[in-house]
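Chemist:
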Amino acid sequence: MRILVLIAAFLYVASAYTDPECSNYDHETYGCVGECISTGDCPGSKYQSNLCPTQPNDVKCCFTADTDAECATYNHPTHGTVGSCIASDQCPFGNYISGLCPTMAQDIKCCFGKPTDTCQSDGSDPSDCDDACGTTVKSLAQQIFDKHLAGSITLKTSHPNGVSDGADPYNNIRDTVLGCKAKRSSYECAQGSAPGGYVCLSESLLRYILQLSNDGYWLAVNSLAGACHGKNSLHYSGLAVDLAKTSSYSYFMDKCNEMGATESVGPGYPSADYHTHCAFSS
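FYI, the numbering for the sequence shown is -16 to -1, 1 to 266, going by mature numbering (1 follows the signal peptide of the UniProt record, and there is no 0).
Structure follows, in structure tokens:
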């Protein structure tokens, strides 16, 4: 009997082990919360392969291992099924719903944004959040995010081609508000190959977006630092924005020029039939 107990204890310890590739993986939605567990035990099937190399084939890196199924499978009307049970003070902008983590402590809520303070940083990652781009840029981003919450600016949560990689306008602005650099995409398209990495958004760029809104115009932001563009695109330097085409597109282009931009194109220009593009030199 004693031998059976020892074997059971050993199997439990072995199954609880999580490879560092998983526990240190900074998921674009869930952060560094991965645990190597059986795929059948991963709430909402929020797992990723190839991050648990020492484990059996049915063990994957699960990002909702500590999340109740009610939260992991909840379909948020704006953010979709990306909920995770996390301390409410780690949930950006208080974007959580109560009552979806019934087995957890009272301060654990179902959060629909990438939680903060989940990764142990050594300061080498350019995305580290310590007002990396300055307090002015952070303040401007906060104003834009507030307008998004109020409905006067729409920050898209995926790219025009449908790719969702954490480098969309919503995440670019949110990360800037948190004091981080904005994420760039890292996929290929007909125009070229997005470089990946991180970049500060330009103060001039953020002032332009705010000015359009302050002038009374509704606008939808398609791309900032993310998505895939031409090889030398100023998007990759955090200097450009693409706005969805509206009846106000000519005003957007005129204001872009008025504020000293180096690029201002829109409907009537090649490859710009459905958006306006504004880019600054700094």
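Glycine included, C-beta positions come from ideal geometry on N, C-alpha and C.
Does the count of Cβ pairs from the stretch 2 to 14 and the stretch 24 to 41 closer than 8 Å reach three?
Modeler: yes
Chemist: For L84, write down the residues that DSSP places opposite it in a beta bridge.
Modeler: According to DSSP, which records beta bridges pairwise, L84 is partnered with nothing at all.
Chemist: Give me, in chain order, the residues of the same chain whose beta-carbon lies closer than 8 Å to that of P179; leave out the 5 immediate sequence neighbours on both sides.
Modeler: R168, S170, Y220
Chemist: Between the Cα of I81 and those of Y258, C55, L194, N241, spot the shortest distance and give me the residue it belongs to.
Modeler: C55
Chemist: When the distance is taken between beta carbons, is S248 closer than 9 Å to C240?
Modeler: yes
Chemist: Just tell me which of V147, D199, A116 has its CA closest to the CA of V161.
Modeler: A116
Chemist: How would you label E242, buried or exposed, when you count the other beta carbons within 10 angstroms and need 16 or more for buried?
Modeler: By the neighbour-count definition (other C-beta atoms within 10 Å, threshold 16), E242 is an exposed residue.
Chemist: Have a look at A245 and T65 and give me their C-alpha separation to the nearest angstrom.
Modeler: 39 Å
Chemist: Under three-state DSSP, which class holds V66?
Modeler: coil
Chemist: How about I137 and L223: are their beta carbons less than 9 Å apart?
Modeler: no
Chemist: Does DSSP put T138 in a helix, in a strand, or in coil?
Modeler: strand
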